[in-house]
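Below is one structure, written out as structure tokens; the observations come after it.
Residue numbers (my numbering): 4 to 643.
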């Protein structure tokens, strides 16, 4: 048969080729200049809640102009919220408005609720929000009911939310955040009002309802003065607004250049990229610590709604507790407030440590200002990048001769000395026969769980310090993640130019506690004998552990130290994964038991837990890491 070639492609003659390329260029030009129409979310917004409604531009203008100050507060009866970029806000905004411009990617996250939105705002906007919410909470607790039609049941003001357009996804997201807060239900909710039309047209038709710059800001001194007036004693704690003396500089201080921007025709509308601007005149950077942003100021709800682990005791059981312990346990809000105070003090302490200054004592608190000069550049030796060491308490490895090496990398280990003498001085009326022994028992060396490349350093440190006991509060792995290298395996490990031989003489399990005895030989020195007590079931960052297990480890540790022929001033090595949370709980519990034993009584002049944790945190960051671990200390004391 005759085979014929079929034409399957267009002709590639020069004429058709030029036409083909021109078509491609035309399509590229069309796509470059094409701006997709914005999605309309108006119908979706209206179906969210009966509290949401669109109001005509004239009615919104009248509402804003007729807004009054409360007789007992500088706050206004209407709260406009502008979610446009800051540059647009400074050029023109509703009178009395605050700017809440947060990234849309965050607003779309379900777990990024109103609480986190408020905590992300600058000091001024945060303070306005906090005052409104605290005022509403105060009225709720005192059964004060508002009679104003455009307010919530307990006086939360009408919210006017607006963007450049009245149907943007930003409006949808911010409305969802507001509705997710407990005050916005059908009975208690204030109305959420949206402008029925673009804001640019509103500004043109109602120039008396808009303003530029920041001349309409509420006086900050009045706001701060009223902040505590709207708080009952039970609400003091995480609900309290940030004090202005320690707050981040307000918006007017951080963006002076924006106030002089020229107002061009059509500049009120935002393009797709108008949300992105380079920062100008940023305030001083505030230091952030691990988990601090989630723990401190985490709740705008009443303290009674906290899901802290509760200890249910009847009246007769409270009578058998020491007075200091019974008073603290009955007031769980106080426990939460104390922990938040510890978090705030540590944040300020680290801010001062990272700020160059000549002072060694803080003028505000009278507290010693620590320095952090080592460890920041030893990422290969740190399990966590933000567990910093204070220079005055960090452990340094020594050479065979007992001298420090000049090379700081050879002496570095992520470990801290924890001394308990300060607490003995504060809670002991007079020195007792037991105090010297208990002071020695209360010396700790808090360290991270060894890593594969630091096992030799860990064992070298144990020999250097002549430690008799190692308390291990973590397993090797949790959920497939290494928390501690298995340093208890026999072998020979290296630490710089040192060789450390580890041999296990004994290993057994005593209930939940694993008991091991090692002989450790550093180079050619005499062998050193040390006992390890390990608890593997206590998870990182949790308080899910039996208090009996902690007390058992404390008792076993005391027996080992008492059985020693001599008890020199040696520390007990305590570690978990980071060497902070679970480690801090053990050290604090052990030390408070020593205090009670020294006094021969369960009674103390005051609750020691806050002061002891604060003292230990001045020696190593994040000791007792979470509020649940802080509450665990009270559970341990009750069981003891």
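Every residue gets a Cβ at the ideal spot worked out from N, C-alpha and C, and that includes glycine.
In this text the structure is predicted, and so the values were computed from the model without any measurement.
Residue i: first and last residue of the uninterrupted beta strand (DSSP E) it sits in
i: residue 498; result: 494-498
i: residue 85; result: 81-85
i: residue 397; result: 397-399
i: residue 546; result: Premise fails: residue 546 is in no beta strand (DSSP E) and is neither H nor E.
i: residue 578; result: 575-578
i: residue 649; result: In the structure as shown, the chain begins at 4 and stops at 643. Residue 649 is therefore absent and cannot be evaluated.
i: residue 58; result: 55-58
i: residue 448; result: 447-450
i: residue 473; result: 472-475
i: residue 418; result: 415-421
i: residue 2; result: The structure shown does not extend to residue 2, since the chain is modelled only from 4 to 643, so the question has no answer here.
i: residue 567; result: Here residue 567 belongs to no beta strand (DSSP E), and DSSP marks it neither H nor E.
i: residue 162; result: 161-165
Close beta carbons around residue i, own chain, < 8 Å, minus the five adjacent residues each side
i: residue 47; result: 175
i: residue 103; result: 84, 85, 86, 120, 124, 128, 177
i: residue 334; result: none
i: residue 36; result: none
i: residue 468; result: 398, 448, 573, 574, 576
i: residue 198; result: 57, 58, 60, 63, 163, 165, 169, 205
Own chain partners of residue i with C-beta closer than 6 Å, once the 5 adjacent residues on each side are dropped
i: residue 639; result: 550, 553, 592
i: residue 269; result: With a pLDDT of 40 at residue 269, under the threshold of 50, the predicted position of this residue should be treated as unreliable, and no value is reported.
i: residue 375; result: 356, 391
i: residue 452; result: 477, 486, 487, 578, 580
i: residue 623; result: 419, 449
i: residue 548; result: 541
Counted within 10 angstroms of its Cβ, other Cβ atoms place residue i as buried (16 or more) or exposed
i: residue 27; result: exposed
i: residue 74; result: exposed
i: residue 489; result: exposed
i: residue 212; result: buried
i: residue 590; result: buried
i: residue 497; result: exposed
i: residue 477; result: buried
i: residue 145; result: exposed
i: residue 151; result: exposed
i: residue 32; result: exposed
i: residue 358; result: exposed
i: residue 43; result: exposed
i: residue 530; result: exposed
i: residue 484; result: exposed
i: residue 159; result: buried
Rounded Cβ spacing between residue i and residue j (contact assumed at less than 8 Å)
i: residue 87; j: residue 172; result: At roughly 13 Å, the Cβ-Cβ gap does not stay under 8 Å, so residue 87 and residue 172 are not in contact.
i: residue 644; j: residue 450; result: Since the first and last residues shown for the chain are 4 and 643, residue 644 lies out of range.
i: residue 535; j: residue 491; result: 6 Å
i: residue 163; j: residue 214; result: At roughly 14 Å, the Cβ-Cβ gap does not stay under 8 Å, so residue 163 and residue 214 are not in contact.
i: residue 390; j: residue 581; result: 5 Å
i: residue 135; j: residue 147; result: In fact, because the Cβ distance is near 14 Å, the residues do not count as touching under 8 Å.
i: residue 610; j: residue 327; result: 5 Å
i: residue 601; j: residue 431; result: 6 Å
i: residue 471; j: residue 564; result: 6 Å
Cutoff 7 Å; reference residue i; Cβ partners in own chain excluding five residues on either side
i: residue 525; result: 463, 466, 501, 503
i: residue 329; result: 321
i: residue 481; result: 542, 543
i: residue 429; result: 614
i: residue 599; result: 605
i: residue 588; result: 627, 632, 635, 636
i: residue 596; result: 557, 643
i: residue 493; result: 505, 506, 507
Enclosing alpha helix (DSSP H) for residue i [first to last residue]
i: residue 129; result: 126-144
i: residue 502; result: Segment 501-513 is the beta strand (DSSP E) holding residue 502; no alpha helix (DSSP H) there.
i: residue 589; result: 584-602
i: residue 538; result: Where residue 538 is concerned, there is no enclosing alpha helix (DSSP H), although the beta strand (DSSP E) it sits in stretches over 531-538.
i: residue 633; result: 630-642
i: residue 197; result: First-last for residue 197: 195-198, but that is the beta strand (DSSP E), not the alpha helix (DSSP H).
i: residue 329; result: 326-333
i: residue 612; result: 612-620
i: residue 206; result: 202-208
i: residue 121; result: 117-122
i: residue 607; result: Element bounds for residue 607: n/a, residue is neither H nor E.
i: residue 427; result: 424-430
i: residue 46; result: 45-49
i: residue 180; result: 172-182
Contact test: residue i Cβ vs the ligand ZN heavy atom, cutoff 7 Å
i: residue 118; result: Ligands in the displayed structure: none, and consequently the ligand ZN is not present.
Entirely enclosed alpha helix (DSSP H) segments - the region 85-109, minimum 4 residues: 89-94
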